[in-house]
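To keep things clear, I will list the structure first and then write my remarks on it.
Protein chains: 2
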Amino acid sequence: MNILLTNDDGIRSPGLLAARKALEELGKVMVVSPDREYSCIGKAITAGRVIKVRKTRMADGKLAYAVSGTPADSVLIALNKLLRRKPRLLISGINLGPNLGMDDALDSGTLGAAFEAALRGIPSIAVSYCMVRGEGEELVIDDLSAAAEVTKRLAESVLKNGMPRGVDVLSVNVPKGFRLGSTPVKVTKLSLKPYRDLHVEEDGGYIIKSWTLDVYPDDPGSDVEAVKEGALTITPIKINFPCKLKGLETILRSLQ
Amino acid sequence: MNILLTNDDGIRSPGLLAARKALEELGKVMVVSPDREYSCIGKAITAGRVIKVRKTRMADGKLAYAVSGTPADSVLIALNKLLRRKPRLLISGINLGPNLGMDDALDSGTLGAAFEAALRGIPSIAVSYCMVRGEGEELVIDDLSAAAEVTKRLAESVLKNGMPRGVDVLSVNVPKGFRLGSTPVKVTKLSLKPYRDLHVEEDGGYIIKSWTLDVYPDDPGSDVEAVKEGALTITPIKINFPCKLKGLETILRSLQ
Numbered sequence: 001m002n003i004l005l006t007n008d009d010g011i012r013s014p015g016l017l018a019a020r021k022a023l024e025e026l027g028k029v030m031v032v033s034p035d036r037e038y039s040c041i042g043k044a045i046t047a048g049r050v051i052k053v054r055k056t057r058m059a060d061g062k063l064a065y066a067v068s069g070t071p072a073d074s075v076l077i078a079l080n081k082l083l084r085r086k087p088r089l090l091i092s093g094i095n096l097g098p099n100l101g102m103d104d105a106l107d108s109g110t111l112g113a114a115f116e117a118a119l120r121g122i123p124s125i126a127v128s129y130c131m132v133r134g135e136g137e138e139l140v141i142d143d144l145s146a147a148a149e150v151t152k153r154l155a156e157s158v159l160k161n162g163m164p165r166g167v168d169v170l171s172v173n174v175p176k177g178f179r180l181g182s183t184p185v186k187v188t189k190l191s192l193k194p195y196r197d198l199h200v201e202e203d204g205g206y207i208i209k210s211w212t213l214d215v216y217p218d219d220p221g222s223d224v225e226a227v228k229e230g231a232l233t234i235t236p237i238k239i240n241f242p243c244k245l246k247g248l249e250t251i252l253r254s255l256q
Numbered sequence: 257m258n259i260l261l262t263n264d265d266g267i268r269s270p271g272l273l274a275a276r277k278a279l280e281e282l283g284k285v286m287v288v289s290p291d292r293e294y295s296c297i298g299k300a301i302t303a304g305r306v307i308k309v310r311k312t313r314m315a316d317g318k319l320a321y322a323v324s325g326t327p328a329d330s331v332l333i334a335l336n337k338l339l340r341r342k343p344r345l346l347i348s349g350i351n352l353g354p355n356l357g358m359d360d361a362l363d364s365g366t367l368g369a370a371f372e373a374a375l376r377g378i379p380s381i382a383v384s385y386c387m388v389r390g391e392g393e394e395l396v397i398d399d400l401s402a403a404a405e406v407t408k409r410l411a412e413s414v415l416k417n418g419m420p421r422g423v424d425v426l427s428v429n430v431p432k433g434f435r436l437g438s439t440p441v442k443v444t445k446l447s448l449k450p451y452r453d454l455h456v457e458e459d460g461g462y463i464i465k466s467w468t469l470d471v472y473p474d475d476p477g478s479d480v481e482a483v484k485e486g487a488l489t490i491t492p493i494k495i496n497f498p499c500k501l502k503g504l505e506t507i508l509r510s511l512q
């Protein structure tokens, strides 16, 4: 098996189908995805409940595995239980919505699945299409085709040349209206600015209804800025929080 | 309001109660926590569903806010809706189970809540007690008291002196049998080695039943090693995945 494919929008997502079709031009693709939508679930895993795996057919009749758990669960079960050999590449997506900044990096099931595989030594690419989730916006089929072509080309490059040195995950955001050859492509860092307040009041509680680019505060030089300017962004992530081991004398004294 | 307190074991956890009692010696404490257990949920947030907030009483009769959402939801709603002023400190815990390595950092609701607050500029401390979750192990009350004393002392130090420079979150793991003054204390980095395969077969599917220290592979110099050796660990985390902006020429060429 060459490529493991998953997502967080669930096994019925047109983004998953578009990615699978494009990736099949490169080799064998195994699809192992949540049986329902798991947006905003991050790298969460399911503990204390049985996770079932069911063979199913995608919209074009091809086989896939539907998992009654999170995207990260899907990756773990694929790697540890379903596959005999390590896949050469993990693709997560195409997500129907942007994934920008550190806040999304830790919230997104699309990135969570990529992190799960990358921590286990598998080069991983997360692909997100920057449509507005929630209210009103329709999927543009030409954009999805363009995002699928991007997915295929990046996968082909990584299969052929490996990941760039020092990079675990490529997180790719494809803007609306993206066209290969004309839309600018930028290598970016994650914005460290958090979302604005997302919750609106409803029914005596709070709800997040939609995600526009407006929820991400401006941050010059970041993935957020580049997407707001209409570029496709490639964010090369190393999964390694810096841990500063010096300068904790005061903290340590408090425990003496 | 000085201190915001949350957890991922839910508002009825004895770990939350122990932390609150200890922290009240330092100032006002507001408790905003999930109304049920949300272990392994990472920094996931709830989208598309109304989150309710209910005033409740903890086991000792004191007021707390129970949130029908994740630990990160609880932090966002506390910061954006319930509190008039930014808290000076966020404490997450005391979690009943260890949180070690990058794998847990991205899975743990305890750390997820701390990351959510830290991204918004609030010094955050996650405290985890290294009992075995799942099967058979009882909470040791003396250990919980010791972990609560640790929580209080670290909180006091950060309130007085601020966080060490370049640190967003202190993730603290308190080993079983910890005693102040005799158990060693170590400043550690996150292990980058992922869990072993956690899933066992049951009922035609896969389940994670328990978490012993054995699920973390040995990793010299890491938090995992120090806890296995019986130390209390303080892991000073900066929430910033390195993004390498050079050396992506081959990747970029694939999109030309």
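Protein sequences, first through last, are from chains A and B.
For the first sequence, the residue numbers in the numbering used here are 1 to 256.
For the second sequence, the residue numbers in the numbering used here are 257 to 512.
Where a beta carbon is used, it is the ideal one built from N, C-alpha and C, also for glycine.
Can you pull the chain B neighbours of threonine 46 (chain A), defined as C-beta to C-beta under 8 Å?
In chain order: Cys296, Ile464.
Check whether the segment 7 to 21 of chain A touches the segment 91 to 108 of chain A, taking contact to mean three or more Cβ pairs, one atom from each stretch, closer than 8 Å.
Result yes; three or more Cβ-Cβ pairs closer than 8 Å.
Less than 6 Å between C-beta atoms, sequence neighbours within five positions excluded: which residues of the same chain meet that for proline 217 (chain A)?
Taken in chain order, the residues that qualify are Lys193.
Name the DSSP beta bridge partners of arginine 57 (chain A), please?
Answer is A:Leu63, bridged to arginine 57 (chain A).
Using a Cβ cut-off of 9 Å, pull out every chain D residue sitting near glutamate 458 (chain B), in sequence order please.
This model lacks chain D altogether, as its protein chains are A and B.
Regarding leucine 504 (chain B) and the ligand FAD, is the C-beta to nearest heavy atom distance less than 7 Å?
Although the ligand FAD was asked about, the structure shown includes no ligands whatsoever.
Rounded to whole angstroms, what's the CA-CA distance from valine 127 (chain A) to valine 174 (chain A)? Just pull it up for me.
About 7 Å.
In terms of alpha-carbon separation, which member of A:Ile91, A:Ile11, A:Met102, A:Ala78 lies closest to alanine 59 (chain A)?
When each option's Cα is compared against that of alanine 59 (chain A), the closest is A:Ile11.
Starting from threonine 489 (chain B), trace the beta strand (DSSP E) both ways and give me its first and last residue.
Its beta strand (DSSP E) spans residues 488 to 493.
Check for me: the alpha helix (DSSP H) holding serine 401 (chain B) runs from which residue to which?
Where serine 401 (chain B) is concerned, the enclosing alpha helix (DSSP H) stretches over 397 to 417.
For the segment 141 to 173 of chain A, list every residue whose C-beta sits within 8 Å of some C-beta in chain B, in sequence order.
Of all residues in the segment 141 to 173 of chain A, Val150, Arg153, Leu154, Glu156, Ser157, Val158, Asn161, Pro164, Arg165, Gly166, Val167, Leu170 have a Cβ within less than 8 Å of some Cβ in chain B.
For phenylalanine 497 (chain B), go through chain A and note every residue whose CB falls closer than 8 Å to its CB, in chain order.
Correct list: Met102, Ala105, Leu190, Ile237, Lys238, Ile239, Asn240, Phe241.
Does the contact criterion of 3 or more C-beta pairs under 8 Å hold for the segment 259 to 266 of chain B versus the segment 225 to 234 of chain A?
In short, these stretches do not touch, since the Cβ pair count stays below three.
Find the residues of chain A that neighbour proline 450 (chain B), judging by a C-beta separation of less than 7 Å, and give them in chain order.
Those are Leu119, Arg120, listed as they occur along chain A.
Threonine 366 (chain B) versus chain A: which residues are under 9 Å apart at the beta carbon?
The contacting residues do not exist; threonine 366 (chain B) stays about 13 Å from chain A at best.
Using a Cβ-Cβ distance under 8 Å, would glycine 317 (chain B) count as near chain A?
Glycine 317 (chain B) does not count as touching chain A.
Quick one, are the C-beta atoms of leucine 180 (chain A) and alanine 146 (chain A) less than 8 Å apart?
Taking 8 Å as the Cβ cut-off, leucine 180 (chain A) and alanine 146 (chain A) qualify as a contacting pair.
When the cut-off is 8 Å and only beta carbons count, does phenylalanine 434 (chain B) lie next to chain A?
Closer than 8 Å: no.
Pull up the distance between the alpha-carbon of glycine 42 (chain A) and that of tyrosine 451 (chain B), whole angstroms please.
Computed Cα separation, rounded: 17 Å.
Are the CB atoms of lysine 238 (chain A) and proline 498 (chain B) within a distance shorter than 8 Å?
Yes; because the gap between Cβ atoms is below 8 Å, this pair is in contact.
Give a yes or no on whether 8 Å exceeds the smallest Cβ distance from lysine 244 (chain A) to chain B.
Answer yes: the Cβ-Cβ gap between lysine 244 (chain A) and chain B drops below 8 Å somewhere.
Less than 6 Å between C-beta atoms, sequence neighbours within five positions excluded: which residues of the same chain meet that for valine 480 (chain B)?
So the list reads Leu356, Gly357, Ser447, Tyr472, once near-sequence residues are dropped.
Just the C-alpha distance for methionine 419 (chain B) and leucine 144 (chain A), rounded to the nearest angstrom, thanks.
Cα to Cα, methionine 419 (chain B) sits roughly 45 Å from leucine 144 (chain A).
Answer yes or no: do serine 510 (chain B) and serine 157 (chain A) have a C-beta to C-beta separation smaller than 8 Å?
Yes. Within cutoff.
Is proline 420 (chain B) helix, strand or coil by DSSP?
Proline 420 (chain B) falls in the coil class under three-state DSSP.
Among A:Met131, A:Ile125, A:Cys130, A:Val132, which one has its Cα closest to the Cα of lysine 152 (chain A)?
Among A:Met131, A:Ile125, A:Cys130, A:Val132, the Cα nearest to that of lysine 152 (chain A) is on A:Ile125.
List the residues of chain A that serine 510 (chain B) touches, going by C-beta distances under 8 Å, in chain order.
By Cβ distance, chain A contributes Arg153, Leu154, Glu156, Ser157.
State the Cα-Cα distance for the pair isoleucine 207 (chain A) and proline 440 (chain B), rounded to the nearest angstrom.
Roughly 45 Å separates the two Cα atoms.
As a quick exercise: from A:Ile51, A:Lys28, A:Thr46, A:Leu79, pick the residue whose alpha carbon is nearest that of leucine 63 (chain A).
Nearest C-alpha to leucine 63 (chain A): A:Lys28.
For the candidate residues A:Asp142, A:Ala117, A:Arg120, whose alpha-carbon lies nearest to that of tyrosine 129 (chain A)?
The shortest Cα separation from tyrosine 129 (chain A) among A:Asp142, A:Ala117, A:Arg120 belongs to A:Asp142.
Within 8 Å (strictly less), CB to CB, does valine 227 (chain A) reach chain B?
Output row for valine 227 (chain A): interface = no.
Leucine 248 (chain A) versus chain B: which residues are under 9 Å apart at the beta carbon?
Neighbours of leucine 248 (chain A) on chain B, chain order: Pro420, Val423, Leu426, Val443, Ile490, Pro492.
Since isoleucine 333 (chain B) meets chain A, which of its residues come closer than 8 Å, beta carbon to beta carbon?
His199, Tyr206, listed in chain order.
Compare the beta carbon distance of isoleucine 91 (chain A) and alanine 72 (chain A) with 8 Å and say whether it is the shorter of the two.
Contact: no.
Does the Cβ of threonine 233 (chain A) have 16 or more other Cβ atoms within 10 Å, making it buried, or fewer, making it exposed?
Buried is the call here.
Is the beta carbon of leucine 154 (chain A) sitting closer than 8 Å to the one on arginine 120 (chain A)?
No. Outside cutoff.
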